[in-house]
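Numbering (the numbering used here), first residue to last: 4 to 156.
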């Protein structure tokens, strides 16, 4: 069961994750114990994050060794807000590229672009990464940043 805390209700947190087109930043450990951060497209479904990546990506090897991750989905422009947390990643083959197609449609809106065609090419083997959150914390600086803007001379 996921522990949810922060400024948003569970519904508000889920709405933000479902509506946002921001990549998820995933932190994991490399084999030598140092940290590694990667940004991936995601969809939030069934109380978990689903991502896809190339089977030869570094993160695949790192998650095979240690499936525990931290994550962040936050805006890059003011007002800053988002969700951060930690969880456990599991991986499976995405031979039919079902997850990848859904992510391309979510972020690019169709599969007709050159990038989409390259990602969906038969030469790429895809892995589905599912992150089951243990904890999620929402934060929102909208009011704080609006108050600062309103106090300017």
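We treat Cβ as the ideally placed atom computed from N, Cα and C, and that holds for glycine.
In this text the structure is predicted, and so the values were computed from the model without any measurement.
Are the Cβ atoms of residue i and residue j separated by less than 7 angstroms?
| i | j | result |
| --- | --- | --- |
| residue 20 | residue 30 | no |
| residue 49 | residue 90 | no |
| residue 139 | residue 76 | no |
| residue 46 | residue 105 | yes |
| residue 52 | residue 134 | yes |
Can you tell me whether residue i is buried or exposed? The criterion is at least 16 other CB atoms within 10 Å of its CB, across all chains shown.
| i | result |
| --- | --- |
| residue 44 | buried |
| residue 6 | exposed |
| residue 117 | exposed |
| residue 141 | buried |
Quick test of your reading: residue i and residue j, contact by CB under 8 angstroms. State the CB separation rounded to the nearest angstrom.
| i | j | result |
| --- | --- | --- |
| residue 11 | residue 125 | Actually they do not touch by this definition, with Cβ atoms about 42 angstroms apart. |
| residue 78 | residue 25 | 6 angstroms |
Let me check one thing: in DSSP terms, what residues is residue i bridge-paired to?
| i | result |
| --- | --- |
| residue 136 | 90 |
| residue 85 | 77, 142 |
| residue 72 | 90 |
| residue 10 | Answer by DSSP bridge pairing: none, since residue 10 is not bridged. |
Tell me which same chain residues have a C-beta within less than 7 angstroms of the C-beta of residue i, skipping the five on either side of it?
| i | result |
| --- | --- |
| residue 100 | 123, 129 |
Ordered along the chain, which non-local residues of its own chain (more than five positions away) have a Cβ less than 6 angstroms from that of residue i?
| i | result |
| --- | --- |
| residue 209 | This structure cannot speak to residue 209, because the chain is shown only from 4 to 156. |
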